[in-house]
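Peer 1: After the structure tokens below, expect a handful of questions from me.
Protein chains: 4
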Amino acid sequence: MFTSNRPLNGPPWRGRLYEILFARYTGRPGPEGTDRTARAFDIVLITAILVSVAVVMLDSVESLAAQYGRLFHGLEWFFTIGFTIEYAARLVAVQSKRRYALSFFGIVDLLSIVPTYLSVLLPGTRFLAIVRVVRVLRVFRVLKLLSYVGAFRTLGWALSVSRHYVTVFLMTVLTLVVILGSLMYLIEGPDSGFTSIPVSVYWAVVTLTTVGYGDISPQTAPGQLLAAGVMLVGYSLIAMSIGIAVLSLVAQRDKQGGRQTEIWARVCSNCDSENHDPDAHFCKRCGSMVVDIGHE
Amino acid sequence: MFTSNRPLNGPPWRGRLYEILFARYTGRPGPEGTDRTARAFDIVLITAILVSVAVVMLDSVESLAAQYGRLFHGLEWFFTIGFTIEYAARLVAVQSKRRYALSFFGIVDLLSIVPTYLSVLLPGTRFLAIVRVVRVLRVFRVLKLLSYVGAFRTLGWALSVSRHYVTVFLMTVLTLVVILGSLMYLIEGPDSGFTSIPVSVYWAVVTLTTVGYGDISPQTAPGQLLAAGVMLVGYSLIAMSIGIAVLSLVAQRDKQGGRQTEIWARVCSNCDSENHDPDAHFCKRCGSMVVDIGHE
Amino acid sequence: MFTSNRPLNGPPWRGRLYEILFARYTGRPGPEGTDRTARAFDIVLITAILVSVAVVMLDSVESLAAQYGRLFHGLEWFFTIGFTIEYAARLVAVQSKRRYALSFFGIVDLLSIVPTYLSVLLPGTRFLAIVRVVRVLRVFRVLKLLSYVGAFRTLGWALSVSRHYVTVFLMTVLTLVVILGSLMYLIEGPDSGFTSIPVSVYWAVVTLTTVGYGDISPQTAPGQLLAAGVMLVGYSLIAMSIGIAVLSLVAQRDKQGGRQTEIWARVCSNCDSENHDPDAHFCKRCGSMVVDIGHE
Amino acid sequence: MFTSNRPLNGPPWRGRLYEILFARYTGRPGPEGTDRTARAFDIVLITAILVSVAVVMLDSVESLAAQYGRLFHGLEWFFTIGFTIEYAARLVAVQSKRRYALSFFGIVDLLSIVPTYLSVLLPGTRFLAIVRVVRVLRVFRVLKLLSYVGAFRTLGWALSVSRHYVTVFLMTVLTLVVILGSLMYLIEGPDSGFTSIPVSVYWAVVTLTTVGYGDISPQTAPGQLLAAGVMLVGYSLIAMSIGIAVLSLVAQRDKQGGRQTEIWARVCSNCDSENHDPDAHFCKRCGSMVVDIGHE
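Residue numbers (this note's numbering), protein chains in the order written: chain A, 900 to 1195; chain B, 900 to 1195; chain C, 900 to 1195; chain D, 900 to 1195.
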């Protein structure tokens, strides 16, 4: 999945910069896999991301914006400049600038800084201010570097194994809510808040997923009877769908001979190749150190 | 389950028409199982279904109906005539007209077009307009033809395996809500909205399924205590029922030696017979191509 | 669990009466296990139970009681007299009158008829009228006799296997709601509806179980933050508890070598003894026919 | 995990006191593991805890406080003095006073009595009164001594096995609610109650966890469409996360060869060492009796 974007040539500080910024996936870490500088950078980065997202969020609270607007403004520029320097450093450090810039995290990195600059040109646009919350996605970059790779891969694996079930399940739910919502529109009518089919379908989603806001709820006896039926169907559907989710995961795992749990355990620290033998210390493809990224 | 309704005699275009309209389940697809015409038809059909359902839904929104009523009316007739031609073509293409007309999808196909024609004779009936949303069920016909057959069969299998548990579970829930609802009616009385036993039972369903509208909620201390108990019972019931759902599915799968996962993988493209050997390329019953309908 | 209460002596019609009233658990059914009279009685009984419960429920709706009060009154006495005759017949049919009268279903049978008679002596007591809904429990007696025994036993088995987990789980939930409710009382105070600790604990139950009425909800920022935390804890708790439920059931099933699925399959129709060999046709204890009560 | 804090020297009554107060984890119980005095003490203690917590809770209800304030006050001091004597006794009984005082339950024991004494010095502080509900945690101490150790250890084991998944899952949920909440703030705006990003994020948590208070709910069509999407995502996320929870627990259990179920069954009554052979009657480390703490 991940192939290295490590600089193949250039001065040594460039390789070192890459190691710090993109950590684990490149650098041959020091003894016992601890690269102190990269780790320190990760901690600073994750703190900066969380604080800057908090600033964006709190800035939208009117009373706080009135009182601390100046502070929020200052912090916003402080973080934006910091993230800009980081973005530039990442561009310098990678081998292929284009590949980084067009990668998912490359785009997220860009979206994290552009709105602040644009807000100077186009003042007053609430939309721009909010785009900055995509910064929160950058937390995953750091998580990915830590010991959560295994868990992420399981999630991806589980999603991939059960994608057909999820599709069929969502299709069934969507069909159910269209038909049940329309039926409810017929039974209850606009007086109870079921003003149109789309609104009634919205009610059906709210009910079937057991969210149950209560902003729209049936008032007549037949409506309440149908609603009770919808709830019991939703209830059974949850049990059934979870049963099938578990079954498909267990079945797939058996089919692969439990392989999916083992694969994660050993990944090359340089080229991310997998399938290394349990006792391998070096990558059979590139000779880098093999790192244990399991869950224990 | 599905036996072919393919025309046994008649001109060749009739067989071809059947192949396009009922795809996969009949036609010997071209190389690599792609019948471009059938696929194109499926895409046109699914789009027409979704757009026509959207039109029915949006037409029920008063503000949109006032503004775009004329457009909706036009589109409605356009789709109705299209679906009518399709229905006629299906009738022509199949061997047994009666069997198609009385099949589930045959009835759905008819219900998709009749209301529009009836609306000319009986204007102003909201009921007729809404019957048309059954069109959404036709999406499943197309899905069935694509690669979701396996997932559908698992769902059917799981429902069939656990139908006794689902019955007992629903019986338990229904008994609980009748008794708890009556108890609540006794404790809270009409002042808190528990105006009758049926309404209180409705409240119990809303609470036990964790939907929780809040349109009726206990106001007295004993009522809130009982309600808290109901919620905890509902909570435990969900965990227990899912546990049993998983157990029964896993147990049944073990009993069948994991067979249910393999069967789906190979189905005859003509007669839908199953149980073909993993290396079979042609159906042992009718000699048609065996298609892989698995989930990978 | 169930040992026979079949009359050991007396005229033959008494044994026959027992067979009809208590079906399956006694009578040697006719060929292929169908006793037409017993089956017909079961259907009449289950209909009478459901209709009489419906009458009790509908009688509590003021508008219906005003209109159909006379009809409801008549039906109520009709069913009460019918159930009284049935109760007397059961007393006559069993070997030990005391054992039946003190059994769970014996008490339910009595509670189904006594309130109507008492209502003549003590008119106007709403409480008595509602006790009659316990009749709904009698449906389970009939279900038990049909093919749901297997599913009921699994439920009982699952509850027994996981009772320690359920206890610990409920203890954890109760401790959480007491502490979180108190904290919320401190943070939000009476102005947001958190008028006392018990009310706040009630709110915590409503939130943790994801019911979410919305009758009490946090209004201040710290309160909403804590509430969001409570919801995420509740969410994780559900996933965790279901995971453990499944694990404990699977573990216990493995320990018993899958025995719990097999046991249900073969039960003596007379003495309810279990553990018969798969090919046994007659009970090894009493020589009665062995009946297959499995789930397929 | 637990190593003994049993007094190594001193008069015999001190060892006996320790046995009664800390039961099971120390004392060599009498024949068949029943130490009548310790058991009686446990029952008195658990009753005192529950009654004292109930008093704290009921005292917060204004109407009850006005009527029974004097009784509550008396009971409060009665329990506080009782718990103080118990705390002193525990301090006397243990080998290392410091270790007990700084242990989790040592701090809980102290927090259970201090607020009442402080309330004399600092009258009228609602905060102090509420701290006393931490007493409810002391129930777990007694539970731990009874037959629930096995269930507690499974819970701990399950939490430890799936902690990476729980972290990733909560991270995903948190990221989702930040982004979806911000989007909703943009779409709905302050008129529908989405007054700021933090409030909108709070709404997203309420919706994604299917709590659904309904205090804030979308009013516009695009908002309701997005909300319906959020609900379906939340719904799928629950199914997926439970599937993964089960899978990880089953996988880990297989890896350990079902060991985690066996370990619990045999624990030394003195030193809490584990891994005793199934037929061992005495601890291989300290020679004390091995106690069966399983779940049957």
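The beta carbon of each residue, even a glycine, is placed where N, CA and C say it ideally should be.
Is V1032 of chain A close to chain D, meaning its C-beta is less than 9 Å from at least one C-beta of that chain?
Peer 2: yes
Peer 1: Report the neighbours of S1018 of chain A on chain D: residues whose CB is nearer than 8 Å to its CB, in chain order.
Peer 2: The premise fails here: S1018 of chain A is roughly 15 Å from chain D at the closest Cβ pair, so nothing lies under 8 Å.
Peer 1: Strictly under 9 Å for the Cβ-Cβ distance: is T1119 of chain C near chain A by that measure?
Peer 2: no
Peer 1: In terms of residue numbering, what span does the alpha helix (DSSP H) encompassing F921 of chain D cover?
Peer 2: Residues 911-921.
Peer 1: How far does the alpha helix (DSSP H) with Y1112 of chain D in it extend, from its first residue to its last?
Peer 2: DSSP places Y1112 of chain D in no alpha helix (DSSP H); its state is neither H nor E.
Peer 1: Run down chain C in chain order and give the residues with a C-beta less than 8 Å from the C-beta of V1145 of chain A.
Peer 2: Under the 8 Å cutoff, chain C gives V1145.
Peer 1: Do the stretch 1125-1143 of chain C and the stretch 1131-1142 of chain B make contact, defined as three or more Cβ pairs closer than 8 Å?
Peer 2: yes
Peer 1: So is A1103 of chain C in contact with chain D if we call contact Cβ pairs under 9 Å?
Peer 2: So, not an interface residue.
Peer 1: Suppose you measure from the CA of L1082 of chain C to the CA of F940 of chain A; what does that come to, to the nearest Å?
Peer 2: 37 Å
Peer 1: Between the stretch 978-1008 of chain B and chain C, which residues of the former have CB atoms less than 7 Å from a CB of the latter, in chain order?
Peer 2: Taking 7 Å as the Cβ-Cβ cut-off against chain C, none of the residues of the stretch 978-1008 of chain B qualify.
Peer 1: Which bits of chain A does R1025 of chain B rub up against, with CB to CB less than 8 Å?
Peer 2: By Cβ distance, chain A contributes L1085.
Peer 1: So, helix, strand or coil for I1012 of chain A, using DSSP?
Peer 2: When secondary structure is reduced to three states using DSSP, I1012 of chain A falls in the coil class, being assigned neither helix nor strand.
Peer 1: Give the straight-line distance between the Cα atoms of Y999 of chain D and S1059 of chain C, rounded to the nearest whole angstrom.
Peer 2: 37 Å
Peer 1: As an exercise, report each continuous alpha helix (DSSP H) stretch of at least 4 residues that is fully enclosed by the stretch 1019-1044 of chain D, in chain order.
Peer 2: 1025-1030, 1037-1044
Peer 1: According to the neighbour-count rule (16 or more other Cβ atoms, all chains shown, within 10 Å of its Cβ), is D1090 of chain B buried or exposed?
Peer 2: exposed
Peer 1: Going by CA-CA distance only, name the one from D:R1040, D:T1053, D:I1006, D:A1050 that's closest to V1030 of chain D.
Peer 2: D:I1006
Peer 1: Closest Cβ-Cβ distance between I1096 of chain C and chain D: below 9 Å?
Peer 2: yes
Peer 1: Roughly how many whole angstroms lie between the Cα atoms of I980 of chain C and L1075 of chain B?
Peer 2: 26 Å
Peer 1: Here's the rule I'm using: 16 or more other beta-carbon atoms within 10 Å means buried, otherwise exposed. How should H1063 of chain A be labelled?
Peer 2: buried
Peer 1: Closer than 6 Å by C-beta to D958 of chain B: which residues in its own chain qualify, once you throw out the five before and the five after it? Chain order, please.
Peer 2: A964, F971
Peer 1: Can you list, in chain order, the residues of the stretch 1113-1138 of chain B whose Cβ is nearer than 9 Å to any Cβ on chain D?
Peer 2: G1113, A1120
Peer 1: What separation, rounded to the nearest whole angstrom, lies between the Cα atoms of G1088 of chain A and T1106 of chain A?
Peer 2: 17 Å
Peer 1: With L1131 of chain C and T1108 of chain D assumed to form a contact (beta carbons below 8 Å), what rounded beta-carbon distance in angstroms separates them?
Peer 2: 7 Å
Peer 1: If we define contact as Cβ-Cβ less than 9 Å, is I919 of chain A a contact residue for chain B?
Peer 2: no
Peer 1: Taking the C-alpha atoms as reference points, what is the distance between L1017 of chain C and N908 of chain C?
Peer 2: 35 Å
Peer 1: In whole angstroms, what is the alpha-carbon distance linking T1119 of chain A and G1055 of chain C?
Peer 2: Rounded to the nearest whole angstrom, the C-alpha separation of T1119 of chain A and G1055 of chain C is 38 Å.
Peer 1: Between A:M956, A:Q1123, A:I1115, which lies nearest to S1099 of chain B when the distance is taken from Cα to Cα?
Peer 2: A:Q1123
Peer 1: For the alpha helix (DSSP H) containing F982 of chain B, name the first residue and the last one.
Peer 2: Here the alpha helix (DSSP H) through F982 of chain B covers 961-992.
Peer 1: How about F978 of chain D and A947 of chain D: do their beta carbons lie closer than 9 Å?
Peer 2: yes
Peer 1: Got a sec? Which residues, its chain only, sit under 7 Å from G1111 of chain D by beta carbon, not counting five neighbours each side?
Peer 2: V1105
Peer 1: For the alpha helix (DSSP H) containing G1080 of chain C, name the first residue and the last one.
Peer 2: 1062-1087
Peer 1: Quick one, are the C-beta atoms of S1061 of chain C and V1033 of chain C less than 9 Å apart?
Peer 2: Cβ distance not < 9 Å, so S1061 of chain C and V1033 of chain C don't count as in contact.
Peer 1: In the DSSP assignment, find the unbroken alpha helix (DSSP H) run with S941 of chain D in it and report its ends.
Peer 2: Going by the sequence as given, residue 941 of chain D is Asp instead of Ser. Segment 935-958, the alpha helix (DSSP H) holding D941 of chain D.
Peer 1: Could you give the first and the last residue of the continuous alpha helix (DSSP H) run that contains R998 of chain D?
Peer 2: 996-1001
Peer 1: Starting from T1106 of chain C, follow the alpha helix (DSSP H) in both directions and report where the run begins and ends.
Peer 2: 1096-1107
Peer 1: Suppose you measure from the CA of W976 of chain B to the CA of T1015 of chain B; what does that come to, to the nearest Å?
Peer 2: 8 Å
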